Structures are given as structure tokens and as C-alpha cells.
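Using our numbering, the letters of the sequence shown correspond one by one to residues 59 to 174. First comes the structure, then the notes that go with it.
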Amino acid sequence: MNRLLCSLVVVLTALSGCNTESGAFRGQPLVAKVDTGMSKEQVQQIGGPPLSITDRTVEPGTCFDYTLTQSGKKQPYNVSFDSRGKVDHTSFMTCAEWSHAQQKAREPSHSGGGGY
């Protein structure tokens with residue numbers, strides 16, 4: 059379990075490093091006001107209807123894609139919901155990118171050093 063968590067942290071850190079402008083969007087309502095445990099309805103009251111809604115592929119649930127806009131710049135942002143419809147993750151990436159990061163984190167590590 060620790061290996062999975064470490065892998066996920068590494069992948070998410072790498073992905074967030076690709077986007078140096080995410081700090082400029084931290085004051086946006088979706089970023090500043092959406093918290094873990096909120097319902098889909100609460101999120102939509104804050105951010106409006108999402109651009110798309112997709113079923114999650116790694117863990118049961120759904121994911122909302124948004125595009126944040128500020129000073130002419132655009133930034134993808136997702137709000138992910140567990141199987142109960144409660145926020146369990148947000149990030150400055152699309153739902154597809156988040157799903158890919160989760161899948162990568164679940165792949166077995168090939169750097170264990172065992173005798174293959």
C-alpha cells in the first residue's frame with residue numbers, strides 16, 4: 059500500500075510540475091471553495107455545469123472537467139467524486155490525465171531488484 063501511495067505522489071508531483079501557471083488560478087472559486095466531501099450539486103453551485111462528466115476508470119465514481127480562464131489564459135481543472143458522489147480529489151489536469159496518473163500509480167514497479 060505504501061508503494062502505491064508513493065507512486066501516486068510521484069506521478070502527481072511530476073504532472074503538477076509540468077504546469078507552472080496553476081498558482082495564478084488558485085483564487086478561482088472552484089479551486090478556492092471546493093472541498094473534499096462536497097456533493098456534485100454543491101460543486102455545480104460554485105463552478106456551474108462542467109464541460110464534461112466521465113465515469114472514473116480506476117476507482118468507482120465520476121469526474122467533472124472544467125476549464126479555468128484568467129487573463130486570457132486557460133487551465134484544465136477536474137473535480138473527482140467517489141462512488142457516493144462526494145468530492146475526493148481536485149487537480150489542475152483533465153479527468154483523462156487524472157485517470158492515467160491513477161493507472162500508472164497502480165502498475166507494478168519494475169525496479170524492485172529481484173532476480174528476474
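Positions of the beta carbon are idealized from the N, C-alpha and C atoms, including for glycine. Predicted, not measured: the structure shown is a model, and the values here were computed from it.
Query                                                                                                                                      : Result
Classify residue 93 as buried or exposed, calling it buried when 16 or more other Cβ atoms lie within 10 Å of its own Cβ.                  : exposed
Can you have a look at residue 90 and say buried or exposed, based on whether 16 or more other CB atoms are within 10 angstroms of its CB? : exposed
Here's the rule: buried if 16 or more other CB atoms are within 10 angstroms of the residue's CB, otherwise exposed. What is residue 123?  : buried
Considering only DSSP beta bridges, list what residue 145 is partnered with.                                                               : 139
On the CB-based measure, 16 or more other CB atoms within 10 Å of its CB, does residue 159 come out buried or exposed?                     : buried
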